[in-house]
Amino acid sequence: MKIKISALALSLSVTLFAQNIQNNPGSNHGNKFEQLGTILPTPNYYRAASGAPGQGYWQNQADYDISAYLDEENRNLRGSQTVTYTNNSPDNLDYIWLQLDENQQSTVKNANYQFSSTIPKTTTTEKLNVSNLPEKDNHYGVNLTKVTDAAGKNLNYVVNKTMMRIDLPKVLKKGEKFTFKIDWNYNIPNRIAMGGRGGYEFFPEDGNDLYTITQWFPRLCVYSDHQGWQNHQFTGRGEFALVFGNYKVNINVPADHIVGATGEGKSFDKVLTSTQYSRYQQAKTAKEPIEIVTLDEAKKAEKSKSKERKTWIFEAKDVRDFAWTSSRKFVWDGMNVNIPENNNNVMAMSLYGKEAYGLYRKYSTKAVAHTIKTYSEFTIPYPYPVAQSVEAANGMEYPMICFNYGRTEKDGTYSEATKNGMIGVIIHEVGHNFFPMIINSDERQWSWMDEGLNTFVQFLTESKWDNKFPSRRGPADKIVDYMKLPKDQLEPIMSNSENIAQFGPNAYAKPATGLNILRETIMGRDLFDQAFKTYAKRWAFRHPEPADFFRTMEDASGEDLDWFWRGWFFGTDPVDIALSKVTVAKPQLDAQPKSKEITYKIDPPAEDDFNDISKTRERDAKTKFAVDQDKDLQDFYYRYARGQEKLDQNKNYATNESDFEALSKEDKNRLKNLTAYQLDFENKGGLVMPIILEFTFEDGSKLTDNIPAQIWRHNEQKVSKTYYFDKVLKSVQLDPLKQTADIDTSNNFWSASGSSSNLDNKFEVFKQKQAAIRGASNGRLNPMQAAGKKN
Ligand SMILES: [Zn+2]
362 MKIKISALAL
372 SLSVTLFAQN
382 IQNNPGSNHG
392 NKFEQLGTIL
402 PTPNYYRAAS
412 GAPGQGYWQN
422 QADYDISAYL
432 DEENRNLRGS
442 QTVTYTNNSP
452 DNLDYIWLQL
462 DENQQSTVKN
472 ANYQFSSTIP
482 KTTTTEKLNV
492 SNLPEKDNHY
502 GVNLTKVTDA
512 AGKNLNYVVN
522 KTMMRIDLPK
532 VLKKGEKFTF
542 KIDWNYNIPN
552 RIAMGGRGGY
562 EFFPEDGNDL
572 YTITQWFPRL
582 CVYSDHQGWQ
592 NHQFTGRGEF
602 ALVFGNYKVN
612 INVPADHIVG
622 ATGEGKSFDK
632 VLTSTQYSRY
642 QQAKTAKEPI
652 EIVTLDEAKK
662 AEKSKSKERK
672 TWIFEAKDVR
682 DFAWTSSRKF
692 VWDGMNVNIP
702 ENNNNVMAMS
712 LYGKEAYGLY
722 RKYSTKAVAH
732 TIKTYSEFTI
742 PYPYPVAQSV
752 EAANGMEYPM
762 ICFNYGRTEK
772 DGTYSEATKN
782 GMIGVIIHEV
792 GHNFFPMIIN
802 SDERQWSWMD
812 EGLNTFVQFL
822 TESKWDNKFP
832 SRRGPADKIV
842 DYMKLPKDQL
852 EPIMSNSENI
862 AQFGPNAYAK
872 PATGLNILRE
882 TIMGRDLFDQ
892 AFKTYAKRWA
902 FRHPEPADFF
912 RTMEDASGED
922 LDWFWRGWFF
932 GTDPVDIALS
942 KVTVAKPQLD
952 AQPKSKEITY
962 KIDPPAEDDF
972 NDISKTRERD
982 AKTKFAVDQD
992 KDLQDFYYRY
1002 ARGQEKLDQN
1012 KNYATNESDF
1022 EALSKEDKNR
1032 LKNLTAYQLD
1042 FENKGGLVMP
1052 IILEFTFEDG
1062 SKLTDNIPAQ
1072 IWRHNEQKVS
1082 KTYYFDKVLK
1092 SVQLDPLKQT
1102 ADIDTSNNFW
1112 SASGSSSNLD
1122 NKFEVFKQKQ
1132 AAIRGASNGR
1142 LNPMQAAGKK
1152 N
């Protein structure tokens, strides 16, 4: 129950009361407001009930020293790596698991998760090659040539599809390190033809390749307090679960290639020309992007192929992965961006071919800078020394480097849609530095924990880039089409990555929208932002699980959000709240306004009653309604008086039933003339949400009320809310700003004249207006015409 003091202050003529009329509480009580309880894992020594890392929190570490050789002629990559694995867990380890993600590209080494299939109308020879049985070896995937300990002694290992177990020569105890070496190679796939995140793209026009080298070396799996060794195979869908570590990587490529990679370049003085190197030094402090490798240099490099080789050296600290790109096609630009929160001077950079020059030169590096700045405000300050965007006709993220799309037409022009798509993808992929590269969730299990959270901050970042940015995901009304789908096409957000049918809406848009609803509608920006930041801070450079997020958001805000997690993250119900009926009643004017004696009369009957013959027949029998409980009436007077008291502190207003007679004549009259409006709501969709109302009065003034979702706690299907106004109500709009993702807005509006919402289509409005005019000329009095005359 709430009194809108601000509205009272604005206009003395409006007094707003609200009152529950709740019959049979309990009969429709399901579990929508019950605590998640055992649905979440039990808090423990490692993960606290507050959602913070527990006292005994630990995580293991893997440090890599890798030398890679790009054989462009054979499109083959070979590597030699030394890995030092640190066991910080309290457990003794007999073996360790690594990921061989590149095996996903092999027809014989992949995880072989299959999709149901039917006979196609048409197909292509390429597709038949993939689906023909028996499967032929396409010769992709990792070839392991050596697996030894630090001293060069062979280690026993087993490859299980996209994973590899190395048996340790002796038990690895808490605090101990194990160093081992692996030599490997693989054929680099054609990323455009075969799909996937890494590979080469061939440009027939100039005969060059652009390599994006990702998930390219055997990487440690996560061993954790909550699942032991990560054991989900890589199928191409669920992304990565990785441990933090420090990297030193030597990348040997043709001498005319330009390389971008995770981490700081340590050999730029040797691999760049002296002019390029001085431009690089300049760019470090530049406020606008400076070309380190120019368009002319890139175009010139495209024309021949050097037989010489160069080694690019990169180092990265506290990263969970390492990716790189190499091509002679690259233009490379960079500028400085200062992160004020930690006074970190980051070098924002972009690499792109001439095909993207018209767009990337203008926007890419600036979008990188804007993204890390904005994410730093909403999460934690960006901690790394560089952040890079590479144009590679896709969208994929790695620490400090990501691959994006956005090419111009041949003549250098581009559409607004291409430009916005490019900026959106750059913000998104650069944003992944925070989720999951730093706030290191298990992507293989939970896609929403990185994609959903990232898409949410992406939406905020896009709005700060351009207040009118056409964001695809985030606003509530953009998720409506997905929420409308039949139940057999939906699964909860809390589903494993592999099992999600509608990946984009489920893992990106729905969680992002849910967080936006929490921020704008349920918690408010201040509470939400503080809690969201707390989550980021608690789990930066750690491995959070869903419960850690859910718990932290409640712990840091003082809001019990279990009902929201239960509905939005664990369920598939949509929001469809209907304003099913509005009943209008006036106090009987001849009644003496004493306590317990006001009678409200519904005159004429509510519009709905005309639709039902049995209701119409019973009409006379139920003209009295609502204020028939002594308690409610007392409450009513009390609140009325209290509401007035706020307006004039010198007046000694009545504050209880017996003081009613002490009210001024004016106030008594006002009380007599209040019209009661009972709004009946139905929860047709199933998902509980706040009820947001906008009242429009005949005098043109408006009033809004936001009823928290907890109104549904006694009855999850039907609730009513009664308001008393001393102005004539013209219409009520439910969810006027479309902020709850209500899938059916046609039942969100009531008007005294019977016209439909202006949120619905114009033709409907026109039709309804015409009908209302006809109705009036037929002499049928609508409820508000009757009530309105008396105010
Ligand atoms: Zn993403």
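If you count the sequence shown from 1, you need to add 361 to reach our numbering. Even glycine gets a Cβ: it sits at the ideal position worked out from N, Cα and C.
Which listed residue (the options) has its alpha carbon closest to that of residue i
i, options, result
"L851", "T636, F931, A1102", "F931"
"T447", "D462, V532, S478, Y518", "V532"
"N405", "G417, G398, F764", "G417"
"V1089", "R722, A946, A717, K542", "A946"
"D1041", "A862, S1081, E1059", "S1081"
"S808", "P853, T540, P760", "P853"
"D1066", "K645, Y766, T1083, N1076", "T1083"
"N389", "H1075, L1098, K1099", "H1075"
"A1113", "N1034, L1035, T944", "T944"
"T672", "G556, D630, R886", "D630"
"E434", "V632, S667, P836, I840", "S667"
"S776", "A939, N815, M810, A717", "A717"
"K715", "K678, T655, G756", "T655"
"P905", "P414, E395, S628", "P414"
Residue i Cβ short of 7 Å to ligand 1 heavy atom set
i, result
"N815", "yes"
"E1153", "Limits of the chain in this structure are 362 at one end and 1152 at the other, which puts residue 1153 out of reach."
"E859", "no"
"H731", "no"
"E758", "yes"
"E804", "no"
"E738", "no"
"R812", "Before going on, a small fix: residue 812 reads as Glu here, not Arg. Result yes, Cβ under 7 Å from ligand 1."
"H789", "yes"
"H593", "no"
"H793", "yes"
Cut-off 8 Å between Cβ atoms - residues of its own chain near residue i, not counting five sequence neighbours on either side
i, result
"N392", "R927"
"V729", "V698, A709, M710, S711, A748, Q749, S750, I787, V791"
"V818", "T735, Y736, F739, T740, G792, F795, F796"
"D498", "S467, T468, V469"
Proximal residues to residue i (C-beta, below 7 Å), its chain only, five neighbours per side dropped
i, result
"Y859", "Contrary to the premise, residue 859 reads as Glu rather than Tyr in this sequence. Y474, T596, R598, G599, listed in sequence order."
"D921", "E915"
"I1072", "I1052, V1080"
"N385", "Unreliable positioning characterises N385 in this predicted model, as indicated by a pLDDT of 43, which lies under 50. The coordinate reading is nonetheless provided below. Answer for N385: no residue qualifies."
Start and end residues, beta strand (DSSP E) containing residue i
i, result
"L516", "First-last for L516: undefined, no H or E at that position."
"V707", "705-713"
"R439", "437-447"
"Q1094", "1090-1095"
"E752", "747-752"
"V1080", "1079-1086"
"F1058", "1052-1058"
"M524", "524-533"
"Y474", "First-last for Y474: undefined, no H or E at that position."
Other residues of its chain near residue i: CB distance less than 6 Å, five sequence neighbours each side excluded
i, result
"D969", "Residue placement at D969 is poorly supported in this model, since its pLDDT is 44, which falls under 50; the coordinates still yield a value, given next. For D969, where only same-chain residues beyond five positions count, the Cβ hits under 6 Å are K942."
"D1105", "D937"
"E812", "A868, Y869"
"T573", "G559, T686, A753, F764"
"A908", "L401, P402"
"R773", "It is Gly, not Arg, that sits at residue 773 in the sequence shown. Once the five neighbours on either side are set aside, the close Cβ partners of G773 are G719."
"P742", "I700, E702, N703"
"Y430", "R439, N613"
"N972", "Its pLDDT being 42, under 50, N972 is placed unreliably by the model, and the measurement read from it follows with that caveat. Once the five neighbours on either side are set aside, N972 has no close Cβ partner at all."
"M1050", "V936, A1070, T1101"
Any non-hydrogen atom of ligand 2 within 7 Å of residue i CB
i, result
"H1075", "Judged by which ligands are present, ligand 2 is missing from the structure shown, whose ligands are ligand 1."
First through last residue of the alpha helix (DSSP H) which encompasses residue i
i, result
"W826", "814-826"
"F764", "First-last for F764: 762-765, but that is the beta strand (DSSP E), not the alpha helix (DSSP H)."
"N781", "777-792"
"D1105", "First-last for D1105: undefined, no H or E at that position."
### Query
Of all the beta strand (DSSP E) runs that stay within the bounds of the region 604-661, which reach a length of 3 or more residues?
606-615, 619-622, 651-654
### Query
Mind pulling the alpha helix (DSSP H) runs of 4 or more residues that sit fully within the region 851-916?
871-878, 886-900, 907-916
### Task
Give, in chain order, every unbroken run of the beta strand (DSSP E) that is at least 3 residues long and sits entirely within the region 553-581.
560-564, 569-574
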